[in-house]
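Take a look at the structure set out below.
In this note's numbering, the protein residues as written are 12 to 150.
What follows is the structure, given as structure tokens:
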């Protein structure tokens with residue numbers, strides 16, 4: 012992993028589809044997201060729930076898959092989580108500011124990578140959560 016400073020002026024986008032996957036927020040926050048995205052003209056968001064946890068991340072992104080699967084994940088925590096796909100560094104920084112300015116509960120945020128494209132959503136959320144806990148404990 013590289014810890015180079017993010018060039019927040021870099022507006023070069025990766026080739027992946029421009030999508031925002033949102034998981035673990037309350038119904039009220041989901042409505043607030045929808046309203047906020049309408050105001051900024053963003054139509055590339057996908058709201059996820061426990062039925063999506065056993066789907067591969069990239070499959071969700073390319074298919075806009077909101078279909079329910081038969082596997083129950085009722086015991087998986089609703090940790091606010093957002094995955095950004097196809098975002099430039101500048102757009103990532105703008106999105107962080109958007110979350111903060113609109114007083115959304117602070118999410119765990121991940122970017123789509125070559126590695127995590129093939130992961131199941133639940134495994135990606137667990138991995139990002141574990142990294143988050145390591146960083147908190149180092150402080």
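C-beta: ideal position from N, C-alpha, C; glycine also.
According to DSSP, is residue 31 part of a helix, a strand, or is it coil? Here residue 31 corresponds to residue number 20 of the chain shown, with the count starting at 1. Correct three-state label for residue 31: strand.
Starting from the C-beta of residue 27, find all residues in its chain whose C-beta is less than 6 Å away, skip the five residues before and the five after it, and write them out in chain order. Looking up residue 27 in the chain shown gives position 16. Within the same chain, residue 27 has close Cβ partners 96, 97 and 123.
Am I right that residue 135 and residue 127 are in contact with their C-beta atoms under 8 Å? What's the rounded C-beta distance? Numbered from its first residue, the chain shown carries residue 135 at position 124. Numbered from its first residue, the chain shown carries residue 127 at position 116. Right, the Cβ-Cβ distance comes to about 5 Å (below 8 Å), so this counts as a contact.
Per DSSP, what kind of secondary structure is residue 107 in: helix, strand or coil? Within the chain shown, the letter at position 96 stands for residue 107. Helix, per DSSP.
Taking 6 Å as the limit between beta carbons, can you name the residues of its chain near residue 36, skipping five residues before and five after? Within the chain shown, numbered from 1, the residue matching residue 36 stands at position 25. Excluding sequence neighbours, residue 36 sits near 91.
Can you grab the Cα-Cα spacing for the pair residue 93 / residue 34, in whole Å? Walking along the chain shown from the start, residue 93 turns up at place 82. Walking along the chain shown from the start, residue 34 turns up at place 23. Using only the alpha carbons, I get a separation of about 6 Å.
Relative to the alpha-carbon of residue 132, which residue among 39, 70 and 100 has its alpha-carbon at the smallest distance? Numbered from 1 along the chain shown, position 121 holds the residue referred to as residue 132. Nearest option by C-alpha distance: 70.
Mind checking who residue 67 pairs with in its DSSP beta bridge? In the chain shown, counting from the first residue as 1, residue 67 sits at position 56. Answer by DSSP bridge pairing, in chain order: 131.
Name the residue from 147, 121 and 47 whose alpha carbon lies nearest to the alpha carbon of residue 138. Mapped onto the chain shown, residue 138 falls at position 127. When only C-alpha atoms are compared, the closest one is 121.
Grab the span of the beta strand (DSSP E) containing residue 6 for me, first residue to last. No answer is possible for residue 6: it lies beyond the span of the chain, which begins at 12 and ends at 150.
So is residue 42 buried or exposed if we call it buried at 16+ other beta carbons inside 10 Å? On the chain shown, position 31 is the one that residue 42 refers to. Flag for residue 42 reads exposed.
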